[in-house]
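Protein chains in written order, with the numbering used here: chain A, -5 to 322; chain B, -5 to 322; chain C, 324 to 651; chain D, 324 to 651.
Cβ atoms here follow ideal geometry from the backbone N, Cα and C, with glycine treated the same way.
Keep in mind the model is a prediction, meaning the values are calculated, not measured.
All remarks here apply to the structure that follows.
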Amino acid sequence: MSRTMTYAEAVREAMALAMTRDERVFLMGEDVGIYGGAFGVENDLYERFGTDRVRDTTISELGIVGMGVGAALMGMRPIVEIQFSDFTAQAMDQIVNQAAKLHFMVGGQANVPLVIRAPGGSGTGAAAQHSQSLEAWFAHVPGLKVVMPSDATDAASLLLAALNDPNPVIVLEHKLLYKQSFEVPDEFPVARLGEGRKVTEGTDLTIVATSIEVQRSVEAAKILAERGISVEVIDPRTIRPLDTALILESVEKTGRVLLVQEAAKFGGYMAEVSATITESEVFGALQAPVKRLCGLDVPIPYNPNLERAAVPQVEDIVEAAASLVEAW
Amino acid sequence: MSRTMTYAEAVREAMALAMTRDERVFLMGEDVGIYGGAFGVENDLYERFGTDRVRDTTISELGIVGMGVGAALMGMRPIVEIQFSDFTAQAMDQIVNQAAKLHFMVGGQANVPLVIRAPGGSGTGAAAQHSQSLEAWFAHVPGLKVVMPSDATDAASLLLAALNDPNPVIVLEHKLLYKQSFEVPDEFPVARLGEGRKVTEGTDLTIVATSIEVQRSVEAAKILAERGISVEVIDPRTIRPLDTALILESVEKTGRVLLVQEAAKFGGYMAEVSATITESEVFGALQAPVKRLCGLDVPIPYNPNLERAAVPQVEDIVEAAASLVEAW
Amino acid sequence: MAVTSKELATDALRQMWQIRLFEEAVEDLYGRGMMHGTMHLSIGEEAVPVGALRHFREGDALTSTHRGHGHCIAGGADLGRMMAELLAKDNGYCRGRGGSMHIADVATGNLGANGIVGGGVPIAAGAALSQKMRGTDNVTICFHGDGSVGEGAWHEALTLASMWDLPVVFLCENNQYGMSMPASKAFKVEHISEKATAYGIPGETVDGNDLEAVAEVVGRAVERARRGEGPTLVEALTYRWRGHSKSDKNLYRTKAEIAEWRDRDPIARYAHDLLEDEVLTQEELDAIQAAARQDIRDAVVFGTKGAEPTVEEMLAGVYAPTPEEVQA
Amino acid sequence: MAVTSKELATDALRQMWQIRLFEEAVEDLYGRGMMHGTMHLSIGEEAVPVGALRHFREGDALTSTHRGHGHCIAGGADLGRMMAELLAKDNGYCRGRGGSMHIADVATGNLGANGIVGGGVPIAAGAALSQKMRGTDNVTICFHGDGSVGEGAWHEALTLASMWDLPVVFLCENNQYGMSMPASKAFKVEHISEKATAYGIPGETVDGNDLEAVAEVVGRAVERARRGEGPTLVEALTYRWRGHSKSDKNLYRTKAEIAEWRDRDPIARYAHDLLEDEVLTQEELDAIQAAARQDIRDAVVFGTKGAEPTVEEMLAGVYAPTPEEVQA
Ligand SMILES: Cc1ncc(C[n+]2csc(CCOP(=O)(O)OP(=O)(O)O)c2C)c(N)n1
Ligand SMILES: Cc1ncc(C[n+]2csc(CCOP(=O)(O)OP(=O)(O)O)c2C)c(N)n1
Ligand SMILES: [Mg+2]
Ligand SMILES: [Mg+2]
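Set out below in structure tokens:
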């Protein structure tokens, strides 16, 4: 059995499930109460769970995350929503210097089971301060786990997994996906953090993509199939820790790999995936250089045509993939 | 002619020079006045230039950087010191969402000629919140320039270049280097941002390293030379924008490359260098897989032995380099 | 109402009408799918920027917010270039890169709208620092919302500006809500201006829908700043008639409340007072409104005719060219 | 002095001596090269934590600072495990990973020292949120320095804690300086406690070198919090005899000032009062000091005998194991 649901609804359902099952779970953030969340993710949650467990905060990202850290240290299971992932910039100290390191710094005396949800990505015309994809920052922080759900099921399953994890987990959702509908199972499975997913099977080329670029890569794979190119799309889902084995196995099989991210190219997450592949034992199996297809190295512009040009679209993936297969 | 000077003294001299030459230059930061700076970098600058141009602030990193942005927008040339680069976490919004993007977002109407100095690195026993190497975050930000001086001359020359640049530049100094003495020229040349430096010439292996790991790599190269291995050490100096040509030329010649950074490995800056190399036309010239030697994926520990083990030391570089040359 | 000259009154009324009609035009264009992104309208708040900027002089600066059309227009910006920017055109203030949330007119001292709540507050303090260090009697007006008072950036900026007696007026546009968080709930003080005492500076609350009252109170604060006596926190009580942005369902406030504030329309009220005090006649009032309407029509025409920006120029616009690059 | 029981007095005096002698021992070990890193000594400030924590109960929590030995000892931590930690041993509280700046004793409610100025303040608010949501009458004591008052984190935490009436006592240890910045210059108020009015909460200043006065004032604040009436800002005026840390040349204060405060030694003063009020005899006073000295000797022995931590266990200590990992 399955049903249809938007990504936003899936996030909401997962939060509701968790709050129902575990009284330690609660949610804090800006406008998550009666407003229903800036993207409508929370909707009526505050009515269902009350303002004690769905807490509207002041506009104080550093303070909110810090309170999440404190509550988590005391055994609660807070979910903190950062309205746009761009505003994690305000909270980096609490995310990185506190949440991520506390367990280590105190020699294991305490954990910080904190879940931070923050939507990233461009495509809404919100320009440079509301459209970034900042996963590379978080992926570089020892002590954090980082997930990037690319569809409704994962949005729920990864969130449930994050809430079961004794470590701080940052969930980078995607603004454009919120309104998109997906087939979902009747009951959401709890994912395993660190386990990737093979989205399509293929033999000519591996595409590793994250977040909305997974959707675009699957679209591209369909088009490429018509051109006789068989693509295996891998979604790591958790970008820290990374399911390296799944990627290497696929690359070993196909011999070619295209890495697709929305974030600006230079210093982005896919550089790590590229380095991981070329450093590994599959280096010898590579029939072509590892190639990245990424956002342009610009702040996200307001103009819709420029904005579209700034990040990989389906046709860009098709072209990059085809040229990789055809040239090598 | 040349003279001897510590890295800290070189930074101080460059600041003094700039303040003497250009009245728009001034310095703000925590304890940069009578205290002389947490690492003694400023020393007597406040006596020489007065408290108006060497300004002691409250402990407010976000505010200080923000004031730097405002002053820069109005045509001043502020230098903002962040006492430890770890505390850039407090100021990420002003660094990334404001300073780096403003020129772009306002369509070129204004620039932000702001210089942010911040010491990074481990080795002082200051533990996880005072020892990070966070260059990967900044290198990923379009609109920022990022430099990492590895000796006294560069500490001065890159700073002078940063002060001439119309864009925001973050200068990541190294705490352990501050007290180290170097031969320096009588007059500091003004570097060109984006231009790397070949520190040693060699034929068997290229090492690309940053900051203190340049010093360690040069030490390692000496030891390796005794073992008959000829190493070319490249210091990019500016890590954004990167002098790709210099690196590729060297790799094409040697066919082998070891990338050395102090920062934790996963998602670190050298992943970008690795990906840049394997994506490039020198891919075919590689005789061995590109290899990284990085910090362990841990917060920096307090215990001195663990701390030493957490980042690449000279002997680690020797071993990694030798095995790369000998195995391939 | 305080007596005012016919000329001042005419200008003020025309600017208020320009703001109102500009935003109504924007709303209309958006509704017809001709404008994208999001928008934050200040309809109902027009008296604050127009009153506050009466004292604005050459060399003064202002920082603005996400709800910044009024600040921009009252600051003297060109309506055509503003509209072009919102229409994402190359002849817009930001060449289509910034949009409404980053609109700026640096030539008139408007350092820019800001997508980051509180983002402009330290920047304003920095602009004021520059004004002070250069020995001018210029001031900076820092527009910010009630919601931004919860941000650390706000606190740090007030701390630094008060410590250094900087010539800045922190002008809090208290429109009663952040996005949905009532200011009365967020801050346990009766008036936000009371928070001034924590910084040892004067604080004053004014009826933000009374243009002449705003001009008077801000005028005092500006004079104090020009005399070198430091910052003031002014709170202007006002109200936004529209929702926070397009996603707002207005669940957090009542229709009655909105109606009550519409009755206090700052434009109607000013016009009424001017008529009553015989400063302007009904025909003159009508002519002013008609002129403003024509201004906006012209602006729409200008904007609509603008060219589309190009990807190439966007790529070239991330960094300001260095002196050497300019030469080359 | 307020009357106190012999038992309370004995405990308090012994703890103050433990703190003083612990830090003198640490200073000595450091001087002899047996301890590394940096250190922040609270000698001269002992009455604040000991007085404040008189009201500490099971289930209460505290957050501490970089100058946290006193908080830890007064909270009831084991001196041997503390000393072992500072000696970077595996039997230390943090297994040698954290050192002085991250010392914690989570079992007694001490959530940890913090290397980040202001870092613990939102965490304290979060701990108090947990206490409140669980319906307990527990409280959190948030120790913080005067310098941290300049941080955005402090402001955001006070904003949120006051909005939600959280059971937290913000205890500002005003030792007159940040590192070198005088509190009197940094904050344009006579007493930091005046800042409480900005958050609509009570503020009180107390002589921090008078143990019983601290106990009384903090006691009132704790009772208020337990009753559910929300936070209080308490400012305890005190002084650090030593420099900020080992890099401090004490240029920013005079010898006379230091001498003046040494005359107000909180330990000598308390002992004197107890003698005068005939609570304890001179022999009893001497015995208490001697007992504390023996406690510290034992702690040094315990610490010195600790084992060296291993790299393997450090690597395993970055993430807390998930339930599945624990099972496996
Ligand atoms: C740092 C940051 N946090 C959150 C937001 C999302 N946001 C945009 S406007 C807004 C409300 C701002 O309220 P206020 O300052 O009162 O200004 P108003 O919208 O009422 O004019 C919020 C929460 C943001 N843009 N930046
Ligand atoms: C965010 C941050 N900024 C700066 C520092 C460097 N620093 C450490 S302690 C200190 C002074 C703190 O002063 P205060 O809060 O009064 O505590 P005290 O040292 O006087 O006990 C500074 C600037 C830091 N550790 N963290
Ligand atoms: Mg508002
Ligand atoms: Mg202090």
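Given a threshold of 16 other Cβ atoms within 10 Å of its Cβ, counted over all protein chains shown, does B:Gly69 qualify as buried or as exposed? exposed
Are D:Ala411 and D:Pro445 touching if we call contact CB-CB under 8 Å? Between D:Ala411 and D:Pro445, the CB-CB gap reaches or exceeds 8 Å.
Distance between B:Met142 and C:Ala651 (C-alpha atoms, nearest Å): Their backbone Cα atoms lie some 26 Å apart in a straight line.
Taking 7 Å as the cut-off, is the C-beta of C:Thr386 nearer than that to any heavy atom in ligand 1? no
On the DSSP bridge list, what partners appear for D:Leu385? D:Asn433, D:Ile464
Residue range of the beta strand (DSSP E) that includes B:Val193: 191 to 194
In chain order, which beta strand (DSSP E) runs of at least 3 residues are fully inside the region 382 to 424 of chain C? 384 to 386
CB of D:Val300 within 8 Å of CB of D:Ala548, strictly: Outside the modelled stretch of chain D, which goes from 324 to 651, sits residue 300 of chain D, for which no answer is possible.
Taking only beta-carbon atoms, is A:Ala65 less than 8 Å away from chain D? yes
Does the Cβ-Cβ distance between A:Thr82 and A:Ile73 come in under 8 Å? no
D:Ala427 by DSSP, collapsed to three states: which one? coil
Beta strand (DSSP E) runs wholly inside the region 265 to 321 of chain B, at least 3 long, in chain order: 285 to 289
Member of D:Met357, D:Val373, D:Leu364, D:Phe345 whose CA lies at the smallest distance from the CA of D:Asp289: Past the edges of chain D, shown from 324 to 651, lies residue 289 of chain D, and the structure says nothing about it.
Is any beta-carbon of chain C found at less than 8 Å from that of B:Thr232? no
Taking only three categories from DSSP, how would you classify D:Glu552? coil
Under three-state DSSP, which class holds C:Pro589? Of the three classes helix, strand and coil, the one that applies to C:Pro589 here is helix, per DSSP.
What residues in its chain sit with their C-beta under 6 Å from that of C:Met424, if we drop five residues either side in the sequence? Excluding sequence neighbours, C:Met424 sits near His389, Ala436, Gly438.
Indicate, with yes or no, if ligand 3 has a heavy atom lying under 7 Å from the CB of A:Tyr296. No - ligand 3 has no heavy atom lying nearer than 7 Å to the Cβ of A:Tyr296.
Please indicate yes or no: does the CB of D:Asn498 lie closer than 7 Å to some heavy atom of ligand 2? For D:Asn498, the CB falls within less than 7 Å of some heavy atom of ligand 2.
Given 8 Å as the limit, is there contact between the region 49 to 62 of chain A and the region 38 to 55 of chain B, that is, 3 or more CB pairs closer than that? no
Alpha helix (DSSP H) segment containing A:Glu17, residue limits: Careful: A:Glu17 lies outside any alpha helix (DSSP H) and carries neither H nor E.
Would you call the CB atoms of D:Met502 and B:Glu167 closer than 8 Å? no
Starting from D:Ala622 and walking both ways along the alpha helix (DSSP H), at which residues does that stretch end? Note, D:Ala622: alpha helix (DSSP H), 605 to 627.
Here's the rule I'm using: 16 or more other beta-carbon atoms within 10 Å means buried, otherwise exposed. How should C:Asp586 be labelled? exposed
Local conformation of B:Lys169 per DSSP, three classes: coil
According to the Cβ coordinates, are C:Asn433 and C:Ser365 closer than 8 Å? no
By the three-class DSSP mapping on this structure, what secondary structure does D:Ala450 have? DSSP places D:Ala450 in helix when its eight states are reduced to three.
Between C:Thr292 and chain D, is the shortest Cβ-Cβ distance under 8 Å, so that the two count as touching? The first residue shown for chain C is 324 and the last is 651, placing residue 292 of chain C beyond what the model contains.
State whether the region 551 to 563 of chain D contacts the region 518 to 530 of chain D, with contact taken as three or more CB pairs (one from each stretch) at a distance under 8 Å. yes
How many angstroms separate the CA atom of C:Leu608 from the CA atom of C:Trp340? 11 Å
Do the region 88 to 99 of chain A and the region 94 to 107 of chain B meet, that is, are 3 or more Cβ pairs less than 8 Å apart? The answer is no - the region 94 to 107 of chain B does not touch the region 88 to 99 of chain A, with fewer than three Cβ pairs under 8 Å.
Residue closest to C:Pro490, alpha-carbon to alpha-carbon, out of C:Lys511, C:Lys455, C:Ala506: C:Lys455
If the cut-off is 9 Å on Cβ atoms, which residues from the region 554 to 583 of chain D count as contacting chain B, listed in chain order? Answer in chain order: His567, Ser568, Ser570, Asp571, Lys572, Leu574, Tyr575.
Check the DSSP bridge columns for A:Leu138 and list the partner residues they point to. Partner(s): none; A:Leu138 has no beta bridge.
Can you check DSSP and say which residues form a bridge with A:Met(-1)? A:Phe176
Looking at B:Val140: is its Cβ nearer than 8 Å to the Cβ of B:Thr232? Taking 8 Å as the Cβ cut-off, B:Val140 and B:Thr232 qualify as a contacting pair.
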